[in-house]
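Each residue of the sequence shown is one higher than the one before, counting from 27 in the numbering used here. Heads up, the beta-carbon is just placed ideally off N, CA and C, and yes, glycines get one too. Reviewing the structure listed below.
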Amino acid sequence: MRKGIAQYEEAIRLQPDYATAYAGLADSHVMLACRGMVPAKDSLRKAKAAGRKALELDGELGEAHGSLAHVRLHDWDWEGLERDFQRAIDLHPALPIVYYWYGEYLMSMGRPQEAIAMTRRAQQSDPVSPVVGASLGMILYLARQYDEADTVLQRAHEIDPNHFLPHMRLGLVRLQQHRSAEAIAIALADHSTETLAALATAYATVGKSGAARKLTAQLQASQAEHYVLPYNIAKIYAAAGARERALEWLERAYQEGNPDLIELNSEPLLDSLRGESEFCELMRRIGFPAPASHGNLEVS
27 MRKGIAQYEE
37 AIRLQPDYAT
47 AYAGLADSHV
57 MLACRGMVPA
67 KDSLRKAKAA
77 GRKALELDGE
87 LGEAHGSLAH
97 VRLHDWDWEG
107 LERDFQRAID
117 LHPALPIVYY
127 WYGEYLMSMG
137 RPQEAIAMTR
147 RAQQSDPVSP
157 VVGASLGMIL
167 YLARQYDEAD
177 TVLQRAHEID
187 PNHFLPHMRL
197 GLVRLQQHRS
207 AEAIAIALAD
217 HSTETLAALA
227 TAYATVGKSG
237 AARKLTAQLQ
247 ASQAEHYVLP
257 YNIAKIYAAA
267 GARERALEWL
277 ERAYQEGNPD
287 LIELNSEPLL
297 DSLRGESEFC
307 ELMRRIGFPA
317 PASHGNLEVS
């Protein structure tokens, strides 16, 4: 992603009115924040500036509308967001990733069936993309359709066995399917901070509290060298049943603008917190609909 940023910046240096390069630059900055590689606020600020510049240069560019809407989604800038995603699709119907971003928005608003349908359109546009397959798998996971999520993610993993995203998300699904040994084995296959947090969550879920604490301490100690998303730490504590600590880390995630808080309304690992007043207040501050027993989902 950092290499991509450098390439887009070089393209812009050579052609300052290259709107598509600005849209790509916005996407790259968002993904740095979403993958927990950098603190979110500065990265999202840069992404929003690039997305706005893309639109300024070409107001009819679907990529620009989609990229800026994606930035705004992760910055919890909700007003008119659905209209903006639809505008991006109207201008450029063949952009698979925009359908997923729109699906993320629908999921965050507690509309899982619409989110699944929208993300299926992404996969129909690009059926051999492991990223798009992993994206559909994630929406199905958040909608608690674990068996189908498992099938979709296995297929995405088969397309590209070396891509981390289908692999990691398959681990999340296996936890909810009570296939914890497989989830742990999946998480052990990689050592990024994101997958180490997933491994700690798996250990906490199955009651291996010592192993979970050790990994959590390791992640916290590594923050001097590598940024660690507080949201991921919060999920470890939630899985371990440590509600107060989970809420503390969710508050820290809010203060740091963690982009994955758009999952707050649907992440199964956070279900134990939904009755807590602090959780409901956090939902209100971010701008979600009021939570129900499983987020604000209308799962059929």
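Quick one: grab the DSSP three-state call for residue i.
{"i": "S206", "result": "helix"}
{"i": "E82", "result": "helix"}
{"i": "V158", "result": "helix"}
{"i": "L290", "result": "coil"}
{"i": "G136", "result": "coil"}
{"i": "H118", "result": "coil"}
{"i": "P42", "result": "coil"}
{"i": "H189", "result": "coil"}
{"i": "L87", "result": "coil"}
{"i": "A37", "result": "helix"}
{"i": "G30", "result": "helix"}
{"i": "A318", "result": "Below a pLDDT of 50, predicted positions are generally treated as unreliable, and A318, at 48, falls in that range; the measurement from the model is reported next regardless. Strand."}
{"i": "G313", "result": "coil"}
{"i": "N284", "result": "coil"}
{"i": "S326", "result": "Any reading at S326 is ruled out, since the residue's pLDDT is 38, under 50, leaving its predicted position unreliable."}
{"i": "V64", "result": "coil"}
{"i": "L255", "result": "coil"}
{"i": "R300", "result": "coil"}
{"i": "K240", "result": "helix"}
{"i": "Q149", "result": "helix"}
{"i": "D101", "result": "coil"}
{"i": "V232", "result": "coil"}
{"i": "Q171", "result": "coil"}
{"i": "G92", "result": "helix"}
Using C-beta distances below 7 Å, list every residue in its chain close to residue i, excluding the 5 sequence neighbours before and after it, in chain order.
{"i": "N284", "result": "A66, L255, P256 and Y257"}
{"i": "A175", "result": "G163, L166, Y167 and V199"}
{"i": "L107", "result": "A95, R98, L99 and Y131"}
{"i": "D84", "result": "A45 and A90"}
{"i": "V178", "result": "G159, L162, G163 and L166"}
{"i": "E86", "result": "L117"}
{"i": "P192", "result": "P156, G159, A160, G163, L179, A182 and H183"}
{"i": "R78", "result": "L94"}
{"i": "A73", "result": "A52, H55, V56 and V97"}
Let me make sure I understand the geometry here. Which of the options has the alpha-carbon closest to that of residue i?
{"i": "N291", "options": "R170, L58 and A120", "result": "R170"}
{"i": "S93", "options": "L81, H204 and S235", "result": "L81"}
{"i": "R181", "options": "H204, Q203, L201 and V157", "result": "V157"}
{"i": "E304", "options": "E293, D186, P315 and E274", "result": "E274"}
{"i": "I312", "options": "D43, A59 and S134", "result": "S134"}
{"i": "M309", "options": "G233, E289 and L295", "result": "E289"}
{"i": "G301", "options": "R269, L287 and E282", "result": "R269"}
{"i": "G267", "options": "L295, R278, Q244 and Q281", "result": "L295"}
{"i": "A265", "options": "A247, L299 and D186", "result": "L299"}
{"i": "A223", "options": "H252, K72 and Q203", "result": "H252"}
{"i": "R147", "options": "V124, R137, P138 and G136", "result": "V124"}
{"i": "Q246", "options": "I262, K234 and S235", "result": "I262"}
{"i": "E307", "options": "L276, D286, A250 and E282", "result": "L276"}
{"i": "M144", "options": "L287, I115 and Y172", "result": "I115"}
{"i": "P119", "options": "Q249, S151, I210 and D110", "result": "S151"}
{"i": "L121", "options": "Q149, E140 and S248", "result": "Q149"}
Among residues of its own chain, excluding the 5 on either side of residue i, which ones have a beta-carbon nearer than 8 Å to its beta-carbon?
{"i": "E220", "result": "R61, G62, M194, L255 and N258"}
{"i": "Q112", "result": "Y128"}
{"i": "I18", "result": "There is simply no residue 18 to check, as the chain begins at 27 and stops at 326 in what is shown."}
{"i": "S206", "result": "R200, A228, T231 and V232"}
{"i": "E36", "result": "none"}
Using C-beta distances below 6 Å, list every residue in its chain close to residue i, excluding the 5 sequence neighbours before and after it, in chain order.
{"i": "Y229", "result": "A237 and A238"}
{"i": "W104", "result": "G313"}
{"i": "M30", "result": "According to the sequence as given, residue 30 is Gly; it is not Met. The answer, listed in chain order, is S54."}
{"i": "E324", "result": "In this predicted model, E324 has a pLDDT of only 47, less than 50, meaning its place in the structure is not dependable; the value taken from the coordinates is given anyway. Cβ neighbours of E324 beyond the five flanking positions: none."}
{"i": "S319", "result": "Any reading at S319 must be qualified, since the residue scores a pLDDT of 47, below 50, and its modelled position is unreliable; no value is offered."}
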